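Undergrad: Order-wise, the sequence lines are chains A and B.
Offset between the first sequence (1-based) and this note's numbering: plus 433.
Offset between the second sequence (1-based) and this note's numbering: plus 10.
Don't be surprised by glycine CBs; every beta carbon is placed ideally from N, CA and C.
Computed from a prediction, not measured in an experiment: that's the story for all the values here.
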Amino acid sequence: EDQVTQSPEALRLQEGESSSLNCSYTVSGLRGLFWYRQDPGKGPEFLFTLYSAGEEKEKERLKATLTKKESFLHITAPKPEDSATYLCAVQARNTDKLIFGTGTRLQVFP
Amino acid sequence: GAVVSQHPSWVICKSGTSVKIECRSLDFQATTMFWYRQFPKQSLMLMATSNEGSKATYEQGVEKDKFLINHASLTLSTLTVTSAHPEDSSFYICSAAVRDRGLDTIYFGEGSWLTVV
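(1) Give the list of continuous alpha helix (DSSP H) stretches no shorter than 4 residues that lie fully inside the stretch 11 to 93 of chain B.
(2) Is there a Cβ from chain B that is less than 9 Å from the Cβ of ASP435 (chain A)?
(3) At a CB-CB cut-off below 8 Å, which residues of chain B make contact with LYS559 (chain A)?
(4) Can you pull out the residues from the stretch 93 to 107 of chain B whose beta carbon lies closer than 7 Å to at least one beta carbon of chain A?
(5) With a Cβ-Cβ cutoff of 9 Å, do GLY536 (chain A) and GLU442 (chain A) count as a contact?
(6) Per the contact definition of three or more C-beta pairs closer than 8 Å, is the stretch 516 to 536 of chain A in contact with the stretch 13 to 22 of chain B?
(7) How far does the beta strand (DSSP E) with GLY462 (chain A) in it extend, from its first residue to its last?
(8) Quick one, which residues of the stretch 528 to 543 of chain A are near chain B if we go by CB-CB under 8 Å, in chain order?
(9) Is GLU491 (chain A) helix, strand or coil by DSSP?
(10) Per DSSP, which residues does GLU448 (chain A) bridge with? Please list them.
(11) With which residues is LEU531 (chain A) paired in a DSSP beta bridge?
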């Protein structure tokens, strides 16, 4: 069964304190792994899609990496405005739909 | 980046009435559109997947006669909640996939809050 597990559930960081969020997955043939940011009361905001192991993508303070079993979202020198829930999802080869993890709720304090 | 727009952002309706939510891809043609429901502090729950010109595929446990999905064009999908009841009150979110050489990028709308009174 295709499955996505995110850890930790919640993360509190001091401003400037770098860290990583983990997304472990099992899927019957990976077509894509997606990272989104969601603020309360809003739809998920697209961050990255990774399609193959070894791929890396960066955007401002965020960097996403992918292996055959997991993905990391690295946050470098976070700011309070990075506080949000970060969602990871996978798309298997035989389907169009995404399977989501339960998210990591990030709080960055000044 | 690509934009997916939902309308209305929030709606209040009386119990027993129907309400329609629109989802538009503003600057791309969507291969597939999806509808989700999200409860407070929970992850997204997929309701159905729709492709232009064909019937939506509903997830197990989702009543197709209650949640009508119409995918009229490559840029528009609608979700109609029929005979709404207070338990249908929720945050509904759509997403749209754009495909390039077999690889999808999937964008989400801003979501629509439905309150049934």
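TA: This is what the structure gives:
(1) Correct list: empty.
(2) As a first step, residue 435 (chain A) is located in the first sequence; it is residue number 2 there, counting from the start. Residue-level contact check: ASP435 (chain A) does not touch chain B, since none of the beta carbons of chain B fall below 9 Å from its beta carbon.
(3) Outside the displayed range of chain A (434 to 543) lies residue 559 (chain A), so it cannot be described from this structure.
(4) Listed by position, the residues of the stretch 93 to 107 of chain B near chain A (Cβ gap below 7 Å) are ILE103 and ALA107.
(5) The count along the first sequence starts at 1 and reaches residue 536 (chain A) at position 103. The count along the first sequence starts at 1 and reaches residue 442 (chain A) at position 9. Against a cut-off of 9 Å, the Cβ pair of GLU442 (chain A) and GLY536 (chain A) comes out as a contact.
(6) Contact between the stretch 13 to 22 of chain B and the stretch 516 to 536 of chain A is absent, because fewer than three Cβ pairs lie under 8 Å.
(7) What you label residue 462 (chain A) is simply residue 29 of the first sequence in a count that begins at 1. Careful: GLY462 (chain A) lies outside any beta strand (DSSP E) and carries neither H nor E.
(8) Those would be ASP529, LYS530, LEU531, PHE533, GLY534, THR535 and GLY536, in chain order.
(9) The residue given as residue 491 (chain A) occupies position 58 in the first sequence. Collapsing the DSSP output to three states places GLU491 (chain A) in a strand.
(10) Working through the first sequence from its first residue, we reach residue 448 (chain A) at position 15. For GLU448 (chain A), no pairing in a beta bridge is given by DSSP.
(11) By one-based count along the first sequence, residue 531 (chain A) stands at place 98. According to DSSP, which records beta bridges pairwise, LEU531 (chain A) is partnered with A:GLN524.
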